[in-house]
Each structure stands twice: as structure tokens, then as C-alpha cells.
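Chemist: Quick one: the structure is below, questions incoming.
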Amino acid sequence: MATEYNFLKACWGQPVDRVPVWLMRQAGRYLPQYREVRSRGEGTFLDLCKDPERAAEVTIQPIDILNADAAILFSDILTPIEPMGMALDFTPGPVFADPIRTQADVDKLIVPEDMAQAVSYVPAIIKRLRTAFEGRVPLIGFGGAPFTLACYMVEGKGSKDFAALKQMMYGDPALYHALMEKITEMDRRYLNMQIEAGAQAIQIFDTWGGLVAPHDFEKFVLPYTKKLIAGLNRKDVPVIYFVKNSGTMLELVKEAGSDVVGLDWHINLGKARDILGDDIAVQGNLDPTVLYAPKPYIEKEVQRILDENAGRPGFIFNLGHGILPSVPPENAIFMVDAVHRLSQK
Ligand code: CP3
4 MATEYNFLKA CWGQPVDRVP VWLMRQAGRY LPQYREVRSR GEGTFLDLCK
54 DPERAAEVTI QPIDILNADA AILFSDILTP IEPMGMALDF TPGPVFADPI
104 RTQADVDKLI VPEDMAQAVS YVPAIIKRLR TAFEGRVPLI GFGGAPFTLA
154 CYMVEGKGSK DFAALKQMMY GDPALYHALM EKITEMDRRY LNMQIEAGAQ
204 AIQIFDTWGG LVAPHDFEKF VLPYTKKLIA GLNRKDVPVI YFVKNSGTML
254 ELVKEAGSDV VGLDWHINLG KARDILGDDI AVQGNLDPTV LYAPKPYIEK
304 EVQRILDENA GRPGFIFNLG HGILPSVPPE NAIFMVDAVH RLSQK
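Quick look at the structure:
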């Protein structure tokens, strides 16, 4: 795949002149410029997601401020659940007023035929961004993995162990599977719509996929991500699959069929690459709390991760999870510059 972007080259395992870097959750509250846009008007976080002009503005901010090598669409993994018929609020964590618990709840869920119409603000933001970037950086679209979406839909909110979801999964697997089929089909349409609108890569966030044991991952999580990825009109659009806490089951994560595997910081990057093999790219994996450290420490950690990669192609530098809201922006700026500086050929 011929491309000028280091980020896309790295996704395809091609050589680059310096390692590309972006940060999960790079648009967000740690940036005063984001907080300024967010507080403009009376709007909520969801209102911001639905306002193409402001959403595009906050997507661009980390490109200007951090010099990141890729932009990620500003939205949330849960916004496409609203048109499935579930009222959604952020306080600031996501809350569904009526979580899914019964067969009747699953039956009621809508799988919109036309996601471009159901969440029309998403293609509007993507189109606006592609015009704004004019070849400057590639745009990543994203969605939640079916399992992580189910966690919130069944629990109704964030949780440490998602007991309601686990009760359904173990106690009524037929109901669980019926729910997962619907979510996966919505997700497939949603991500294909983003590709159609102009997303140049897709990241699938499985924040809670590492909550289960490997044999349960194989049974309850993997089949749906696999089906989702197989159903994408990928053409030349690489897919990144990030499963937090999956360092002990990377062989299974690879089976999902993505082009890139996202890594958290609980496994050494070199070891992860040895397990995954050289036919798949990786993204990660700096501990997000290292951005609280003094700059020389941040630089040492960047160098350590570059050393673990040992010059192998197919590497995108990132944090091992989202940037934390109280991180000093200057440390994030320093980190991005360190990756560029220390990896420059
Ligand atoms: O810059 C980017 O990465 C793009 C924007 C983005 C957001 N959420 C914006 C957001 C992305 C990619 C997400 C993904 C997301 N959302 C995930 C997967 C990644 C991860 O972090 O694990 C999950 C699990 C969610 C669900 C969610 N949304 C939670 C748990 C929360 C509350 C926690 C928090 O950070 O406050 C949100 C709200 C949210 N999503 C905010 C932002 C900027 C904060 C809302 C605000 O500005 O008030």
C-alpha cells in the first residue's frame, strides 16, 4: 500500500524515517484549549460530540499542540448506542438509564439500517476533518469492541468487574449471544460508514476485553471482534485492535484479524512482538502515569520502548491507555518530540 504517512506505513509494516506517535484520548480535558471549547455555550459532552464544528476543532487541537502523527475522530464509543434506543448521559462517566437485562430488552434494540443517518454528526465531522487536514495527518475513526459496548449496555455504567454483564454471560449465554449479535451488526455498519465517510484507519477499543480468562475470551469476546473485523470494507484502511490487559493472551488477540495490535504497559513491547510475530504491527505502550514524571525520566522511558522495538518495522508509539486528565500538556508535548527525535533515521 503506497502512502506518505508514517502512521499508515507503520500500520502496514513498512519502513519509516521516524517512529509515528499519537496518544489515545489525545483530545480531552488535560488540554486547556479543549476545556475552553467544551465550556463554550451551555452544552454537555454529548452536545460537543454532536456539533461538527466544535468536535472537529478539538480533534485538530492535539495535532497543532502535540505534533501527533495521526488524528482521532472526536466522539465516544457509546454514541452509536443511542440510536439503538438507549438513552445515554455522561456524568462525566457514561450512564444508560435503562440497562439491558432481559430478552425483551434485547428484542427492543434497534440496529439502524443507515448509520450515516442515525449518527449523521459522525460523517459530518469526518468530512470536515478530511478537508481541514488536506493531507497533513491521517484520520483514525473508531468504535468500541462488541464486548466493551455490552459491558456498558448491560451494567448501565462503568464498573470495576461488570457483575451484571458477567451474570448474563455465564447465567444466560443464549441471551448474551443474542445481544452480542445485535451489537456486532450495529458496529459493523457504524465502522463501515466511517470508512465510507473518509476515515483512513479504524481503531477498535476493547477496554474491558482483558477482564475475562483466556478461555472465556475465546468463547465470549473473540468471535464477535473477529466477525466485526471480517465484515469491514477495509480496502486500504488498516484496523487496530486494542484490548487492555491482554498481555497474557496476545495469540488470541491476534486471531481477531487486525493489522495492528494495541498494547497496554503490562507487557514489555519486545516480548509482545516476539509472541505476535513479524507479520503484524503493534502500537503502544508507555504507562500513562509516566507523563507525571520529570522530563529526563520520560525521555529514558521513550528510549527504553524504542530499544525494545529494536528498529523493527510496524511500530506506532502510543500510551498503553488514554492520557490522564491531570497530565501537564508540556509533558505530552515533550514525549511526542522525544519519540520523533530519538527515532529519527
Ligand atoms: O481523543 C480521543 O481519543 C477521541 C475521543 C474519545 C473519547 N472517548 C472522548 C471522551 C475516545 C476514543 C473515547 C473512547 C472511549 N470512551 C472508551 C475506550 C477507550 C478508553 O479510554 O478505555 C471508553 C471506555 C469510553 C467511555 C467513556 N467516555 C468513559 C468511561 C468516560 C468517562 C471517563 C472520563 O474520561 O471522564 C467517557 C467520557 C469522555 N469521552 C470524555 C472524553 C473527552 C470526557 C467527557 C468530558 O469532556 O466531560
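Under my numbering, think of the first position of the sequence shown as 4, with each following residue one higher. For each residue, glycine too, the CB sits at the ideal point set by N, CA and C.
Label residue 206 either buried or exposed according to how many other C-beta atoms from any shown protein chain fall within 10 Å of its C-beta, with 16 as the threshold for buried.
Modeler: Buried: at least 16 other Cβ atoms inside 10 Å.
Chemist: Hey, quick one: how far does the alpha helix (DSSP H) through residue 204 stretch, first residue to last?
Modeler: Counting along the chain, residue 204 falls outside any alpha helix (DSSP H), though it belongs to the beta strand (DSSP E) covering 204 to 209.
Chemist: Could you pull the start and end residues of the alpha helix (DSSP H) that residue 170 belongs to?
Modeler: Counting along the chain, the alpha helix (DSSP H) containing residue 170 begins and ends at 166 to 174.
Chemist: Would the C-beta of residue 241 count as close to ligand 1, meaning under 7 Å from any of its heavy atoms?
Modeler: Answer for residue 241: no, Cβ out of range of ligand 1.
Chemist: For residue 140 and residue 86, which I take to be in contact (beta-carbon distance under 8 Å), what is that distance rounded to the nearest angstrom?
Modeler: With a Cβ gap of about 29 Å, residue 140 and residue 86 do not count as contacting.
Chemist: Using only alpha-carbon positions, find the residue among 161, 326, 61, 281 that is nearest to residue 91.
Modeler: When each option's Cα is compared against that of residue 91, the closest is 161.
Chemist: Kindly give me the distance between the Cβ atoms of residue 202 and residue 232, rounded to whole angstroms, as I take these residues to be in contact under 8 Å.
Modeler: With 8 Å as the limit, residue 202 and residue 232 do not qualify as a contact, their Cβ atoms being about 15 Å apart.
Chemist: Check the C-beta distance from residue 188 over to residue 114 and give it rounded, since I have them as a contact under 8 Å.
Modeler: The Cβ separation is near 5 Å, so the contact holds.
Chemist: Could you name each continuous beta strand (DSSP E) segment of 3 residues or more that falls completely within the segment 79 to 162, going from the start of the chain to the end?
Modeler: List check, beta strand (DSSP E) in window: 91 to 93, 97 to 99, 142 to 147.
Chemist: Taking only heavy atoms of ligand 1 into account, decide whether any of them is closer than 7 Å to the Cβ of residue 95.
Modeler: Yes - ligand 1 has a heavy atom lying nearer than 7 Å to the Cβ of residue 95.
Chemist: Check residue 359 in the structure and name its three-state DSSP category.
Modeler: This structure does not reach residue 359, given that the chain is present from 4 up to 348, and the question cannot be answered.
Chemist: Can residue 353 be considered in contact with ligand 1, in the sense that its beta carbon sits closer than 7 Å to one or more heavy atoms?
Modeler: Since the first and last residues shown for the chain are 4 and 348, residue 353 lies out of range.
Chemist: How would you label residue 9, buried or exposed, when you count the other beta carbons within 10 angstroms and need 16 or more for buried?
Modeler: It is buried - the Cβ of residue 9 has at least 16 other Cβ atoms within 10 Å.
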